[in-house]
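**Q**
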Amino acid sequence: MIGIIQYGAGNIFSLTAALDRLGIEYGMISQESDFEQYDRYIIPGVGHAGAAMQKLESTGLVPAIRQLKKPVLGICVGMQLITAFSEEGNADLLQIIPIKTLRFREEHGLKIPHTGWNQVHPQENNNLFENIGPQSYFYFVHSYFIEHDNLYTLASTQYGVQFSASIKKDNFYGVQFHPEKSGLAGEQLLKNFAHLNA
Amino acid sequence: MEFESDGDVMSGGLAKRIVPCLDVKDGRTVKGVNFVDLRDAGDPVELAWQYSQQGADELVFLDITATHERRKTMVELVKSVARNVNIPFTIGGGINEIVDAELLLNSGADKISINSAAVRNPKLIDELAKAFGVQFVVIAVDTRKVGDQNLVHLNGGRIATEHETFNWIKEAESRGAGEILLTSMDHDGTKAGFDCEFLKQINDQISIPLIASGGAGNQQHFVDVFKDAGVDAALAASVFHYGEILIPDLKQTLKQNNIEVRI
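Which chain is which? The protein sequence lines are P and Z, in order.
Under the working numbering, read the first sequence as residues 48 to 245, first letter to last.
Under the working numbering, read the second sequence as residues 5 to 267, first letter to last.
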């Protein structure tokens, strides 16, 4: 069962609706003792990364999150939080994965926020993207992106620059897009996460 | 790892979006022809689900309910759509305050669309962007030509304002709009094609996504609006609702014209 970490950054109605549609069970985590009830976790999040980090810190859950050994999936800003640093608010983040969250630059001539469906290119043989085609589209809405890094990038997307659409280190996973809004491909990814070996 | 370039340079790989728009009144879908003479075209949630299955990229719901029950019916609609549909959607209609927006966000709406409330109180854009992020705030603009000027209109195009359309869009952008939904009232309901010339003028001068609306009548009109105006998304209602254009066919046509689409 998935534990969703509740820290007040954005609404989770659409995420829980998607999990309900897929028959994936979940509960909410608001204190440290809640963690042990679940075998995997989601860190949701929309909005400002620096503000989200402050809210997460105020829950007191940060030390426990850093020590989790079961699968963790950060979504959108929830993914950015597991990186080291964001240019949004020049904020230090959870520092679980030692890469940075940067702002798209307008000199690329592209519109910001990066809004809409873009192709995601997963690395071969990765369980999170199992049964998802090599050029599937996922739905993105974000102005900040996680730098591409050969060590930690699990899937890439191009938007003026090549960036990490998904990252992984040990049991920590992140996706920049919104799987709960990404049609069948997104639903498959949520199912894959629910079935990853704990 | 090497990647081939998938999209044309201007889209950066992003797919152009096809956006059916559903007008909703008292919980039922309606479509106005030039915003009068409303006809009932079904259950909005059922229709939304159908569109998501057909490959629509996003949906817009405009709630035109006029009763004091509106806030409640909008929240019920949004929840029901979020429960059943796996693509993003925008809700608009009578959103005047932060509290309305927050209620809709917490009910599962991805974006809200603000029209006359923003014209009456432009600071609302700043407040919404600050509270919920620019990605949540779509500014809908109804424009009509008056003499040689393009002016923002309210109330379905009936009331002209003093705002020159381009200036208003730039102001909305600078205040924190995350996207512009631009409806050309002179084209709306004509099925004679989008106002590509004006849309291009606007699109070239803003750095947030632009959704084109008003005038879609056939598949070529969508090819034209993406190729000639370069907009990010195209919205239509009746051509989809009455089955005159099927979204899978439309996407194939766009793809054959080298327009990046999600298939």
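Even for Gly, the Cβ is constructed at its ideal location relative to N, Cα and C.
All values reported here derive from a predicted model rather than from experimental measurement.
Among Asn239/P, Tyr88/P, Lys228/P, which residue has its Cα nearest to the Cα of arginine 87/Z?
**A** Lys228/P
**Q** What is the DSSP secondary structure of arginine 74/Z, counted as helix, strand or coil?
**A** For arginine 74/Z, the three-state secondary structure derived from DSSP is helix.
**Q** Distance, Cα to Cα, threonine 257/Z vs alanine 60/Z?
**A** 14 Å
**Q** Could you tell me if arginine 43/Z is buried or exposed, where buried requires 16 or more neighbouring beta carbons within 10 angstroms of its beta carbon?
**A** Model confidence at arginine 43/Z stands at a pLDDT of 46, short of 50, so the residue's coordinates are unreliable and nothing is read from them.
**Q** Please list the partners that phenylalanine 224/P has in chain Z, where partner means a Cβ-to-Cβ separation under 9 Å.
**A** The contacting residues do not exist; phenylalanine 224/P stays about 11 Å from chain Z at best.
**Q** Quick one, which of His157/Z, Asn110/Z, Val150/Z has its alpha-carbon nearest glutamine 122/Z's?
**A** Reading off the sequence, residue 122/Z comes out as alanine, not glutamine. For the options His157/Z, Asn110/Z, Val150/Z, the alpha carbon positioned closest to that of alanine 122/Z is the one of His157/Z.
**Q** What residues from chain P crowd round glutamine 139/Z, counting only those whose CB sits closer than 8 Å?
**A** Val93, Pro160, Thr162, Val188, His189, Ser190
**Q** Confirm, please, whether the CB-CB distance from glycine 94/P to glycine 57/P is below 8 Å.
**A** In this structure, glycine 57/P lies near glycine 94/P, with their beta-carbon atoms less than 8 Å apart.
**Q** Let's test the definition: count the other Cβ atoms within 10 Å of the Cβ of glutamate 154/P and tell me whether it reaches 16, buried, or not, exposed.
**A** For glutamate 154/P, the number of other beta carbons within 10 angstroms of its own is below 16, and it is reported as exposed.
**Q** Measuring CB atoms only, is the segment 91-100 of chain Z touching the segment 54-71 of chain Z, in the sense that at least three cross pairs come out at less than 8 Å?
**A** yes
**Q** Taking 8 Å as the threshold (C-beta atoms), are leucine 201/P and asparagine 173/P in contact?
**A** yes
**Q** Let's see if you can read the secondary structure: which residues bound the beta strand (DSSP E) around methionine 75/P?
**A** From DSSP, the beta strand (DSSP E) with methionine 75/P extends over 73-76.
**Q** Would you say glycine 97/P reaches chain Z, if we count a Cβ-Cβ gap shorter than 8 Å as a contact?
**A** no
**Q** At a Cβ threshold of 8 Å, is asparagine 90/Z touching chain P?
**A** Look at asparagine 90/Z: its C-beta is under 8 Å from a C-beta on chain P.
**Q** Name the chain P residues whose beta carbon is nearer than 7 Å to that of serine 111/Z?
**A** Phe60
**Q** Report yes if the CB atom of isoleucine 49/P is closer than 8 Å to the CB atom of tyrosine 85/P, and no otherwise.
**A** yes
**Q** How do the segment 76-84 of chain Z and the segment 129-138 of chain Z stand: do at least 3 beta-carbon pairs fall below 8 Å, yes or no?
**A** The segment 129-138 of chain Z and the segment 76-84 of chain Z do not touch, with fewer than three beta-carbon pairs separated by less than 8 Å.
**Q** On the DSSP bridge list, what partners appear for isoleucine 102/Z?
**A** Per DSSP, none; premise fails for isoleucine 102/Z.
**Q** Does proline 48/Z have its Cβ less than 8 Å from a Cβ in chain P?
**A** no
**Q** Rounded to whole angstroms, what's the CA-CA distance from glutamine 205/P to serine 190/P? Just pull it up for me.
**A** 14 Å
**Q** I believe tyrosine 199/P touches isoleucine 144/P by the beta-carbon criterion, under 8 Å. Please report the beta-carbon distance rounded to the nearest angstrom.
**A** Contact flag correct, Cβ pair sits at about 5 Å.
**Q** Taking alanine 164/Z as part of the beta strand (DSSP E), name the residues at either end of that continuous run.
**A** It spans 163-168 - the beta strand (DSSP E) in which alanine 164/Z sits, taken as one unbroken run.
**Q** By Cβ distance, which residues of its chain are closer than 7 Å to threonine 71/Z, with the 5 residues on each side in sequence left out?
**A** none
**Q** How would you label valine 146/Z, buried or exposed, when you count the other beta carbons within 10 angstroms and need 16 or more for buried?
**A** Just to set this straight, residue 146/Z is aspartate in the shown sequence, not valine. Buried: at least 16 other Cβ atoms inside 10 Å.
**Q** Any beta carbon of chain Z sitting closer than 8 Å to that of alanine 212/P?
**A** no
**Q** Could you check how far apart the C-beta atoms of glycine 17/Z and asparagine 165/P are, in whole angstroms? I think they sit under 8 Å.
**A** 5 Å between Cβ atoms; contact.
**Q** Using the beta-carbon count (16 or more within 10 Å), is glycine 230/P buried or exposed?
**A** buried
**Q** May I ask you to verify whether the segment 234-242 of chain Z touches the segment 17-27 of chain Z, counting CB pairs closer than 8 Å and requiring at least 3?
**A** yes
**Q** Taking its Cβ as the centre, do 16 or more other Cβ atoms sit within 10 Å of asparagine 197/P, making it buried, or is it exposed?
**A** So asparagine 197/P counts as exposed.
**Q** Would you call the segment 129-147 of chain P and the segment 167-183 of chain P in contact, with 3 or more CB pairs under 8 Å?
**A** Touching, no.
**Q** Tell me glutamine 161/P's beta-bridge partners as DSSP assigns them.
**A** This sequence places histidine at residue 161/P; glutamine is not what is there. Per DSSP, His189/P.
**Q** If you measure from the beta carbon of tyrosine 85/P to each beta carbon in chain Z, is any gap under 8 Å?
**A** Judged by the 8 Å Cβ criterion, tyrosine 85/P is not in contact with chain Z.
**Q** With distances taken Cα to Cα, identify the nearest neighbour of cysteine 123/P among Glu171/P, Phe224/P, Glu72/P.
**A** Phe224/P
**Q** Shortest alpha-carbon distance to phenylalanine 151/P belongs to which of Ala98/P, Ile59/P, Val208/P, Leu237/P?
**A** Val208/P
**Q** Output the distance between the C-alpha atoms of glutamate 62/Z and valine 89/Z, rounded to the nearest integer angstrom.
**A** One C-alpha to the other measures close to 10 Å.
**Q** Helix, strand or coil, according to DSSP, for valine 34/Z in the structure here?
**A** strand
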